[in-house]
């Protein structure tokens with residue numbers, strides 16, 4: 003087994019809401035290996051976004067440690083660490099500044115991190131747009147003039163601007179319709195191969211997981227309840243909660259119906 | 065015109081005027097919903113499915129830049145012949161709507177109980193607060209909310225997304241409308257909650273014999289809900305027919321693309337879908353006779 007690029011060791015996170023205590027993440031340990039796509043699934047409130055925030059350094063764990071390439075990440079991240087681990091959010095419209103043109107948004111990422119030579123940056127912006135399948139002329143337009151799929155491509159381009167190595171994708175396609183989703187997923191697959199990226203893919207849609215992830219980690223109420231290779235998980239889900247998630251997937255073909263009914267212990271729909 | 069149909073749309077066109085001329089969004093749509101029937105309108109974003117529901121709801125006609133033509137008949141009455149106030153009287157009573165994001169559709173400054181009172185006043189102007197609360201509590205039980213009293217005393221932001229969605233469904237059905245418009249209900253929720261709310265909604269409309277026009281971009285979501293499906297592409301209906309026929313033998317290239325775009329639970333990778341294809345503009349395919 004190679005060394006993990008990201009290693010989460012006995013991490014817990016508590017929030018205090020008024021007088022009550024919420025255990026958002028409860029003693030979670032997992033490894034993420036270089037170049038893989040690890041899907042994190044679970045329903046809302048299961049702690050998947052809290053874990054993502056801690057990986058990004060947007061909140062320190064109450065206990066436990068997160069290591070990146072065998073170095074423990076501090077609570078306050080250096081610019082270098084922030085550059086290496088980037089985020090793509092669920093809703094690209096609220097993730098992009100509406101007053102800034104697409105080009106300026108991408109340029110800002112380069113400027114903040116001092117990436118490349120000043121004079122080269124306009125060309126770098128154009129190259130980024132091309133890489134995510136958009137016309138470089140689009141740089142002058144504002145986010146409001148773009149479709150949802152185009153906006154998500156911009157958000158992806160921004161996450162890649164500074165040669166990041168790990169990308170946390172927080173439900174990147176759940177706000178998109180199925181045709182656009184298929185195109186964005188293909189783009190993500192292509193970028194992972196060409197840039198040797200590692201993905202942490204947060205979602206609650208197991209049909210997407212089946213087609214994009216190498217491994218799956220299932221969360222329920224802050225605990226890691228199952229982690230397995232995608233094939234293994236779909237062949238034989240060991241915990242009830244995983245089969246509940248599988249049973250909720252909208253399916254279209256008879257083969258899928260058969261698979262779902264075989265795996266689902268409870269029928270939700 | 066068929067007075068026996070709950071909703072009958074004939075040659076519906078919609079265009080928006082702007083400074084650079086007018087843009088046609090719907091190019092003559094025919095669609096019908098029989099009493100008690102559940103019909104789905106499926107297409108990608110920008111295809112015109114949501115504006116169609118806004119026209120049926122009667123709000124699009126009041127938009128200044130919009131030009132609506134064609135015939136929309138609701139239980140034998142031509143909506144175009146009604147004044148704006150008369151269309152308004154239908155809303156919340158005979159036609160109601162469930163929106164995509166329940167948390168933003170509920171007014172956060174009123175308690176759920178007060179919102180139910182407002183809705184009930186649409187049909188029973190003199191209903192008392194106490195009686196409204198009782199009836200609200202009863203219908204909340206129908207959508208599997210056990211502690212109705214707590215929900216009625218809460219604000220929408222104190223409830224989870226799934227709970228808000230059930231409240232929305234209950235609110236839309238409490239006045240026993242003839243037609244329910246559901247615009248991608250539950251897309252903002254996670255899959256298990258979405259599946260649960262859909263099955264709740266199906267049971268409830270079956271029990272009350274409400275007709276439903278269900279709008280979605282995902283054919284998979286409507287498979288177990290709809291009796292008939294219309295597929296819409298850039299303002300034209302490209303294929304329609306009974307749900308089984310659409311799934312067993314999709315004929316139109318666009319329907320086929322829409323079906324193949326859904327990631328499969330059985331695996332097989334992410335499909336390669338063309339952005340635009342000339343074949344998507346092929347003439348409409350109809351499975352069997354119209355109802």
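Residue numbers (the working numbering), protein chains in the order written: chain A, 3 to 271; chain B, 65 to 355. From the three backbone atoms N, C-alpha and C, an ideal C-beta is built for every residue, glycine too.
Taking the Cα positions, residue 67 of chain B is about 59 Å away from residue 195 of chain A.
Distance from the CA atom of residue 307 of chain B to the CA atom of residue 290 of chain B, rounded to whole angstroms, is 7 Å.
Interface criterion not met: the Cβ of residue 31 of chain A is under 8 Å from no Cβ in chain B. Proximity to residue 94 of chain B across B:207, B:304, B:110 peaks at B:304, based on C-alpha coordinates.
One alpha carbon belongs to residue 317 of chain B, the other to residue 163 of chain B, and they sit about 30 Å apart.
At a cut-off of 8 Å between beta carbons, residue 228 of chain B makes no contact with chain A. With its beta carbon less than 8 Å from one in chain A, residue 325 of chain B belongs to the interface. Residue-level contact by beta carbon fails for residue 87 of chain B and chain A, as no gap is shorter than 8 Å.
The beta carbon of residue 287 of chain B sits closer than 8 Å to some beta carbon of chain A. Residue 228 of chain A sits in a strand when the DSSP states are folded into three classes.
Within chain B, the residues whose beta carbon sits less than 7 Å from that of residue 207 of chain A are 255, listed in sequence order. Shown here, residue 61 of chain A sits in coil according to DSSP, grouped into three states, outside any helix or strand. The beta carbon of residue 159 of chain A does not come within 8 Å of any beta carbon belonging to chain B, so the residue lies off that interface. By the rule that beta-carbons nearer than 8 Å mark a contact, residue 242 of chain A does not touch chain B.
For secondary structure counted as the alpha helix (DSSP H) over 4 or more consecutive residues, the stretch 229-313 of chain B holds these complete runs in sequence order: 255-272, 283-286, 307-312.
Annotation: residue 102 of chain B to residue 89 of chain A spans about 40 Å, alpha carbon to alpha carbon. Put simply, the stretch 47-65 of chain A does not touch the stretch 100-111 of chain A. Fewer than three CB pairs are less than 8 Å apart. Counting along the chain, residue 191 of chain B sits inside no alpha helix (DSSP H), nor does DSSP assign it H or E at all.
For residue 226 of chain A, the CB contacts under 8 Å within the same chain, skipping 5 residues up- and downstream, are 30, 31, 32, 219, 220 in chain order.
Contacts between residue 234 of chain A and chain B, judged by CB atoms closer than 7 Å, are missing: the closest CB pair is about 13 Å apart. Not a single CB atom of chain B sits nearer than 8 Å to the CB of residue 147 of chain A.
Residues of chain B whose Cβ lies closer than 7 Å to the Cβ of residue 46 of chain A are, in chain order, 225, 254. Under a 10 Å Cβ-count criterion, residue 140 of chain B is classified as exposed, with fewer than 16 other Cβ atoms of the shown protein chains found around its own Cβ. At a cut-off of 8 Å, the C-beta of residue 281 of chain B has a neighbouring C-beta in chain A. Counting only runs that start and end inside the stretch 162-230 of chain B, the alpha helix (DSSP H) elements of at least 4 residues fall at 166-169, 176-187, 193-206, 212-216. One alpha carbon belongs to residue 213 of chain B, the other to residue 237 of chain A, and they sit about 44 Å apart. For residue 85 of chain B, DSSP records a beta bridge to B:82. Annotation: residue 120 of chain A is outside any alpha helix (DSSP H) and is labelled neither H nor E by DSSP.
By the criterion of a C-beta distance shorter than 6 Å, residue 321 of chain B is surrounded in its chain by 337, once the five residues flanking it on both sides are discounted.
Taking C-beta atoms under 8 Å as the contact rule, residue 154 of chain B and residue 122 of chain B qualify, at a distance of about 7 Å.
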